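Single-structure report; data block below.
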Amino acid sequence: MKIGDQHHRSIELAENGWGVRVIDQRKLPWHLVFVTLGSCNETAQAIREMWVRGAPLIGAVAAYGFCLALREDASDQSIERAYAALLSTRPTAINLKWSLDRMLAAVASLPPRDRIKAAYARAADLCDEDVALCQAIGKHGLGLLYTAANAKPNQPINILTHCNAGWLATVDYGTALAPIYLAHDTGIAVHVWVDETRPRNQGASLTAWELEQHGVPHTIITDNAGGFLMQKGKVDLCIVGTDRVTSNGDVCNKIGTYLKALAAHDNGVPFYIALPYSTFDPNLSNGNAIPIEERTANEVTQITGKLPDGRIETVTLTNSPAANPAFDVTPARLITAFITEHGVLSPKEMLRRAA
Ligand code: MRU
0 MKIGDQHHRS
10 IELAENGWGV
20 RVIDQRKLPW
30 HLVFVTLGSC
40 NETAQAIREM
50 WVRGAPLIGA
60 VAAYGFCLAL
70 REDASDQSIE
80 RAYAALLSTR
90 PTAINLKWSL
100 DRMLAAVASL
110 PPRDRIKAAY
120 ARAADLCDED
130 VALCQAIGKH
140 GLGLLYTAAN
150 AKPNQPINIL
160 THCNAGWLAT
170 VDYGTALAPI
180 YLAHDTGIAV
190 HVWVDETRPR
200 NQGASLTAWE
210 LEQHGVPHTI
220 ITDNAGGFLM
230 QKGKVDLCIV
240 GTDRVTSNGD
250 VCNKIGTYLK
260 ALAAHDNGVP
270 FYIALPYSTF
280 DPNLSNGNAI
290 PIEERTANEV
300 TQITGKLPDG
310 RIETVTLTNS
320 PAANPAFDVT
330 PARLITAFIT
340 EHGVLSPKEM
350 LRRAA
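Residue numbering for the sequence shown is 0 to 354, as defined by numbering that gives the first Met the number 0.
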């Protein structure tokens with residue numbers, strides 16, 4: 000990821016060699032603040048309270064949380080405690096379990112004295128693998144954008160995205176945004192419609208910030224504007240990320256994704272899902288079985304922003320009760336194709352490969 004002229008990853012080992020350095024995403028777009036997490040409890044808190052978020056990044060941070068737990072105590076009981084504590088932080092993204100299962104497998108059969116080194120090595124591998132997966136997703140998705148650009152000579156292609164599935168949601172490059180960065184770097188004229196993504200505004204505060212850092216033209220829209228823009232022919236394609244895809248191809252992603260998929264379907268706009276294999280859940284037969292995180296009503300009734308004097312403040316919009324389901328499920332029939340590390344695959348092909 001490019002911040003100014005500097006290349007970073009969303010998660011890096013801290014200078015002390017054992018802590019983990021992440022961006023406190025709650026502070027964006029106003030302040031870029033790096034924090035070092037020094038214990039399993041701190042990593043669990045950072046995931047639960049969404050200092051870090053996005054399915055692949057949650058998995059990567061949990062992997063290091065597991066390492067930190069072993070540093071404190073490398074016994075079997077400590078492993079069990081860390082696994083359960085980290086797994087309980089956020090229920091919807093399957094990448095969390097995917098990552099913790101791999102960490103567990105890497106250390107469980109080792110004597111306690113060998114576990115810490117093995118765990119750090121495995122966590123580093125998982126992060127490197129995520130980077131490679133996102134690069135491959137970018138490369139395959141680029142072909143789609145190239146085709147869309149050829150169909151519209153001398154005009155930018157308009158891509159709509161929801162939530163944040165960019166660098167900040169992964170270790171680097173992103174999933175849905177990876178092809179967009181590559182297209183921009185290759186000279187394809189792209190413009191991104193960024194859904195603000197209420198209630199936490201991951202689109203307005205994270206995706207827009209990322210795109211800005213990379214110089215990609217973009218416009219923030221309210222979550223309700225996408226359907227209208229599609230009716231007016233102003234969206235050429237949609238690309239979103241996902242937190243879990245079930246074995247029938249149903250796609251769980253940030254709340255509001257389903258409505259965009261319906262509007263895209265009604266208007267003949269292709270709707271693509273970008274995902275690494277770590278987001279596929281072969282154990283669930285369909286999207287109804289996915290646990291949907293219900294977050295605090297405060298995220299709906301309050302909003303944070305910058306005052307004219309530069310202070311960041313949270314204000315209350317209403318005192319009425321509010322509900323806050325954080326994800327929804329888009330049925331497989333509304334998906335045009337999946338952009339994966341293996342290529343752009345129809346839902347059937349994707350499932351055949353994943354099986
Ligand atoms: O609640 P969040 O911000 O963790 O939700 C993130 C999303 O819904 C992303 O679209 C998803 O994790 C894919 S990230 C590559």
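Using N, Cα and C, we set each Cβ at its ideal position, and we do this for glycine too. What you are looking at is a predicted structure, and each value in this text was computed from that prediction instead of being measured.
| query | result |
| --- | --- |
| Answer yes or no: do leucine 159 and glycine 225 have a C-beta to C-beta separation smaller than 9 Å? | yes |
| Looking at the strands, I want to know which residues DSSP matches up with glutamate 312. | Gly304 |
| Is the distance from the Cβ of aspartate 235 to the Cβ of arginine 197 below 9 Å? | no |
| Tell me, to the nearest whole angstrom, how far the beta carbon of alanine 105 is from that of alanine 118; I am working on the premise that it is less than 8 Å. | 6 Å |
| Please classify leucine 36: does DSSP put it in a helix, a strand, or coil? | strand |
| If you draw a straight line from the alpha carbon of proline 55 to that of proline 275, how long is it in whole angstroms? | 9 Å |
| Determine the DSSP secondary structure at valine 234, reduced to helix, strand or coil. | coil |
| My understanding is that tryptophan 29 touches lysine 305, with C-beta atoms under 8 Å, so please give their C-beta distance in whole angstroms. | 6 Å |
| Verify whether the separation of the beta carbon atoms of serine 9 and isoleucine 22 is less than 9 Å. | yes |
| Looking at the structure shown, is leucine 344 part of a helix, part of a strand, or coil, going by DSSP? | strand |
| Should valine 170 be labelled buried (16 or more other beta-carbon atoms within 10 Å of its own) or exposed? | buried |
| Below 9 Å between beta carbons: does that hold for isoleucine 27 and tryptophan 208? | Note that residue 27 is leucine in the sequence shown here, rather than isoleucine. Yes; because the gap between Cβ atoms is below 9 Å, this pair is in contact. |
| Under 9 Å, do leucine 67 and valine 19 count as touching if we go by C-beta distance? | yes |
| Which whole-angstrom value describes the C-beta separation of alanine 122 and tyrosine 63, a residue pair presumed to lie in contact below a C-beta threshold of 8 Å? | 5 Å |
| Report whether the distance from the Cβ of aspartate 242 to the nearest heavy atom of the ligand MRU is below 8 Å. | yes |
| So leucine 283 and threonine 339 are in contact, right, with Cβ under 8 Å, and what is the actual spacing, rounded? | The Cβ separation is near 18 Å, so there is no contact. |
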